[in-house]
Amino acid sequence: MNSEPSSPPPPAERVLPSVDLTGYLTARLGPLAFVLLFVVALSAPLAYLLMGIQTIRARAGSTATLVAELIREEAQLRPVLWRYDAPKLVRNLDLQAAQASIVRIDLSDEHGRLIELGQAPPSAADAELLWVSAPVVVTTEIARVWVGVTTDEIERQALLILLGFTLLGAGLAGMMYWLPRVAIVEAEHEVDRSQQALAHLNTTLEAQVIERSSQLREALQEVRDKEQRLRELSGRAVAMQEAERRSLSRELHDSAGQALTAIRINLQLLAGTAASESARTLAERTVELADTTLEEIRRVVDRLAPAVLADLGLRRAVERHCDDFAERTGIEVVCRCAGLDQPGVDTGVETSAYRIVQESLTNVARHAQAESVVIHLHRDDPGSPRDRIVLDVVDDGRGFDLDEVRRKGRRGLEGMRERVELVGGTIEIQAAPGEGARIHVELPVQPQTE
Amino acid sequence: MSADAPQTAARTGPSSTGRMRGVAWAAAFASAAVLVVLGGLAIRWVEQSPMPPFLAGEPPPAIEPNTTPKPANLLRLAGSGSNLPLTRELADAFEATRPWQRVRVHESIGSGGGIRATRDRAIDLGLISRPLSPSEAESGLEAIPYARVAVVFAANTSVPVRGLTRQMVLDLYSGEMAYWADGSPAVVLQREPGDSSHLAAHAAIPGFGPIDEQAWAERRFRVLFNDRGMQEALLATPGAIGLFDSGLATIQDLPLAVLEFEGQRAREQAIRTGSYPLFKDLAFVFVRDDPDPLVAEFIAFVFSAAGQRIIHESGYVPIDPPLRSTFAHQREVGPPEPP
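Written as C-alpha cells, this is what we have:
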C-alpha cells in the first residue's frame, strides 16, 4: 500500500555542462590575427612603395623640367641646329643629375617624333617604364623631354620591407593569438578542476542526501510500524474493553437484573398480599425503586455493551436507539438504514458505528437545540476492497464554530475521531453557526491493518 | 529538465561557435581582399603616366627634308668642334676669294649632330672628326677627309712633367697615379664617350680604351662635353691633364703644356710617319646624290693649293683627296674659273 519514493539517478551520471572556451576564443582570435598579419605586413611596404614612386616621379619631373629649360635656351640661340646638339646636352645633364631610377631620357619634336640622342632607340620594354615629361616651349611647344624611370629598386626594397613586416606581423599576430589562448586554456583547466571539485561535492552531497533519505524512510517505516502496532493494540484493547463490557453487561443483566426482576416480582406479590397499608406502600415503593434500579441497570448495561446490537444487529439497534432518543427527547429523528443485514462486518466496526450514532445524538440533545435529526446509515461496495459502512448524521440545530470547538478540545467529537481512526476509518464534520451540523463517517467493514 | 540542459548546451554550443568562426573568417578574408584591392588601386594610381608618342605604337609622321629656302650663295657648315677653327680659317679664305659667296660655320654640334643635320638638310656640309659608322654610310652620306690633326695630352702649365709614357697614361686614367712627381694632385679631365680624341687614343694606345670607359662609367673624373669646355678647364685647373687637339692649341696659341708621348712630339713629320700614333682625320660629309653646288666648290677650294697651305700653316696635316675623284682632278688641273 505504501508507494516507495522514486530513487534519484546515480551521482556518477550527473555531468556538469562544459563550455569550449578555447574554441570560442579561437573562432574570434584566428581571423583577427590573420587581419593583423595582413595589415602589418602590407601597410608599411605599401606606404613605402607609394611614397617612393611619388618621389621618383617628382625627381623625374624635376629632371625633365631642367632639361627642357636648358634645351629651350639652346633653341633660342640656335633655332634650327639645337636639336642636333641636344645629345651632348642631354648626356651632360644625365651625367650630372645621375639618378639610379632614371633609365633613359628622350626627346620628341613638335610632331611627337623621337629626336636621336645617340643612344639605342627605345624598345617595347621601355613602355613599362614610368614616364614623366616636360615641354620645351619657345613661343610654341617645339619639343618635349621624356624621362623614363624604373620603380624596380623601390619595388625590390618594398619587397624586403614586406618580408620584414610579414615576419613582424606574424610575430604580433602569433602573440595576439597564442597569449590569450594560453591564458584561456589555463583558465579552462582551472574551470575543469573547479567543475570536478563541484561534481565531487555534488556526488558527496547526493550520497549524503540518499543516506539521510534512507534513514528517514527507515524511521518513517518504524513509526508506521509502531503506529500499526499501536493501532492493533488499541483495537485489541477496544475489543477487550468491549468484550469486558459485554461480560459485565451480561453479568449485570443476567445476575443483578434477574435478581432485581425476581425481587420486583416478589415485592409485587408482597404488596398484593400485604396486610398493612404501610407494608403495601413500602412494597410498592420498593417495587418502584426496583424498577428504577432495573432501568438504571438496563442503561448501564446498554452503555457498557449494547446488547441490543448483539441481539438485533446494527440496523435494528440503531433504529431502536433512534426511537428511544426521539421518545426521550422529543426531537424528531429520521433514520434510514440500508444494506446492513449482509454479513462480513466486524463486531468492533459495528460497535464503533453504533457508538458514533449514540454520541452524535447525545451531542444533538445536549448542544444543538435541534428540532429534527436525519440519520443515514448504509453499506457501500460490499465485497469489494472498498467495502465500508457509511454514516451521515445531519441536524437542523444552531450549529457551531468548528475551529472554536477544536480549540476547546470537546471530548465528544475527539472521542468520535479517535474511535473512527482506531478502525482505520475517516470522519468529516461540517458545521457553521446557525446552519446545523453534518457528520460524515466511513468505516471499513474490517479494521485496517497497515 | 535539469538533465537536459547540458545536452542542449552541448548541442547548440559547437554549432554556434562554428557559425561564428565562419562569419569571422569571412570578414577577415573580406578585409584582406579590400586591403589588397585598395593597395593595388593606389599603386596603379601613382604609376599612372602618359605614354610617349614614339612608344604608343602609332607610326610617327615621316621626317620631311628641310625645304626651308636658303640663299643660293650661302653655304652652311656645322659639326665637330675639332673641325671648327681650321674650317673657319678655310671659310674666311674662301669668302675672300669669292666675295659674293657666304659661308656660315655654326657652333659645335658634334660629329653626330653634323651627320644628322646634313642628312636632314639642315646644313649643307657636315664637319666630322671620326669615321662614318656603317649605318651612317648607308644613309646616302659621303665623307671626304681633308686634314689630319694630332691628339695630344695637354696639361695645365703647373704640371711638372713634359712627357708621358703609355704606362703613365694608363696609371693616370686608372686612378693609380693620383699625384705628380712634385706631390701636386693629378687632375684628369675626360670628354664624353664617343669623343673623337678619345676614340683616337683608344686606337693608338693599347689597353687605354677599357680603362677610359671604366673611368667614365665610374664617374671617376670630371667630364667635359665640348672642346671649349675642355680648353677652359685645362687652362683654369692646376695639375689638370686631358686629351686635346694640337691644332686647337696651335691655332689659338693657347698657354697649355703639350706633352710628348713615348718621347715623341706631335710634329707633322711624326704624324705622317706614324711615329706619333695619336691623331684623327677631319672630314667633310655631304649628301652623295644631291650635293649643293657650293659644297663641291668649297671642297675643291680646300684641296686647292691655297687651302692646303692654310691647313699646313694652321698646324694640321693636309690629306690628299680621294684618287680619281673630282677634287683630285681639280687639284691637278686647277679649279674652274669663278663665274
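Residue numbers (my numbering), protein chains in the order written: chain A, 1 to 450; chain B, 1001 to 1339.
For each residue, glycine too, the CB sits at the ideal point set by N, CA and C.
For residue i, the residue or residues it bridges with in DSSP
i, result
"P1185/B", "Y1179/B"
"R144/A", "S108/A and P135/A"
"C337/A", "L377/A"
"V390/A", "H378/A and E442/A"
"S372/A", "E332/A"
"L162/A", "L162/A is not bridged to any residue."
"F1054/B", "Answer is none; F1054/B lacks a bridge partner."
"T426/A", "E442/A"
"F1286/B", "E1142/B"
"I102/A", "V149/A"
"V1317/B", "R1148/B"
"D395/A", "V373/A and A437/A"
"L130/A", "V149/A"
"G1079/B", "L1127/B"
"Q1190/B", "V1223/B"
"A431/A", "A437/A"
C-alpha distance - residue i paired with residue j, whole-angstrom precision
i, j, result
"A1005/B", "G30/A", "Its pLDDT being 41, under 50, A1005/B is placed unreliably in this model, and the coordinates cannot settle the point."
"V182/A", "G174/A", "11 Å"
"G1315/B", "A1143/B", "22 Å"
"V189/A", "G23/A", "According to the sequence provided, residue 189/A is His. The question's Val does not apply to it. Rounded to whole angstroms, H189/A to G23/A spans 14 Å at the Cα level."
"G425/A", "Q195/A", "53 Å"
"V1302/B", "G1207/B", "36 Å"
"L1075/B", "R78/A", "17 Å"
"V1023/B", "L25/A", "14 Å"
"P1369/B", "S1174/B", "Outside the modelled stretch of chain B, which goes from 1001 to 1339, sits residue 1369/B, for which no answer is possible."
"S7/A", "T203/A", "Per-residue confidence for S7/A stands at a pLDDT of 48, beneath the threshold of 50, marking its modelled position as unreliable; the derived number appears in the next sentence. Computed Cα separation, rounded: 15 Å."
"Q1007/B", "A187/A", "Caution is warranted here: a pLDDT of 42 is assigned to Q1007/B, below 50, making its placement in the model unreliable, and no coordinate value can be reported."
"S1325/B", "G1209/B", "35 Å"
"N2/A", "V191/A", "With a pLDDT of only 42 at N2/A, under the threshold of 50, the placement of this residue in the model should not be trusted; the figure read from the coordinates follows. So the two alpha carbons sit approximately 44 Å from each other."
"A1296/B", "D1182/B", "53 Å"
"L160/A", "R104/A", "26 Å"
"T1087/B", "H1202/B", "25 Å"
"V80/A", "A47/A", "46 Å"
"E350/A", "L220/A", "31 Å"
"A1030/B", "R1044/B", "21 Å"
"L467/A", "I71/A", "This structure cannot speak to residue 467/A, because chain A is shown only from 1 to 450."
"L1141/B", "R1119/B", "7 Å"
"L1035/B", "L50/A", "14 Å"
"R57/A", "V67/A", "15 Å"
"L1235/B", "I1128/B", "25 Å"
"A256/A", "V287/A", "15 Å"
"A1328/B", "L1077/B", "22 Å"
Cβ shell of residue i (< 7 Å), same chain only, five flanking positions each side left out
i, result
"D1171/B", "M1177"
"S1275/B", "Q1264"
"R1166/B", "I1205 and E1262"
"S234/A", "L422"
"R1162/B", "A1257, L1259 and E1260"
"A1150/B", "S1246, A1266, I1271, Y1276, L1278 and F1279"
"I154/A", "L49, G52, I53 and I56"
Close beta carbons around residue i, own chain, < 8 Å, minus the five adjacent residues each side
i, result
"F1225/B", "R1191 and E1192"
"A338/A", "L377, H378 and R379"
"L172/A", "L36, L37 and V40"
Neighbourhood of residue i by C-beta distance below 6 Å, restricted to the same chain and skipping five residues each side
i, result
"L304/A", "R245, L248 and S249"
"V405/A", "none"
"G61/A", "V132"
"C335/A", "E319, C322 and I375"
"V394/A", "V374 and R438"
"A431/A", "G399, F400, L402 and A437"
"A1003/B", "Any answer about A1003/B is weak, because its pLDDT of 40 lies below 50 and its placement is not dependable; what the coordinates show is given next. Correct list: empty, nothing qualifies."
"D1253/B", "none"
"A134/A", "A64, T65, A68 and V145"
CB contact below 8 Å: residue i versus chain E
i, result
"S1184/B", "Judged by its chain identifiers, the structure shown contains no chain E, and its protein chains are A and B."
The segment 1253–1268 of chain B / the segment 1096–1108 of chain B touching (three or more Cβ pairs under 8 Å): no
Continuous alpha helix (DSSP H) assignments of at least 4 residues falling wholly in the segment 1083–1165 of chain B: 1084–1097, 1110–1119 and 1134–1137
Would you mind listing the beta strand (DSSP E) stretches within the segment 1224–1284 of chain B that are 3+ residues and don't spill past its ends, in chain order? 1240–1245 and 1257–1261
When the Cβ atoms of the segment 224–244 of chain A are set against those of the segment 253–270 of chain A, are three or more pairs found closer than 8 Å? no
How do the segment 41–55 of chain A and the segment 113–125 of chain A stand: do at least 3 beta-carbon pairs fall below 8 Å, yes or no? no
Does the contact criterion of 3 or more C-beta pairs under 8 Å hold for the segment 290–297 of chain A versus the segment 359–367 of chain A? no
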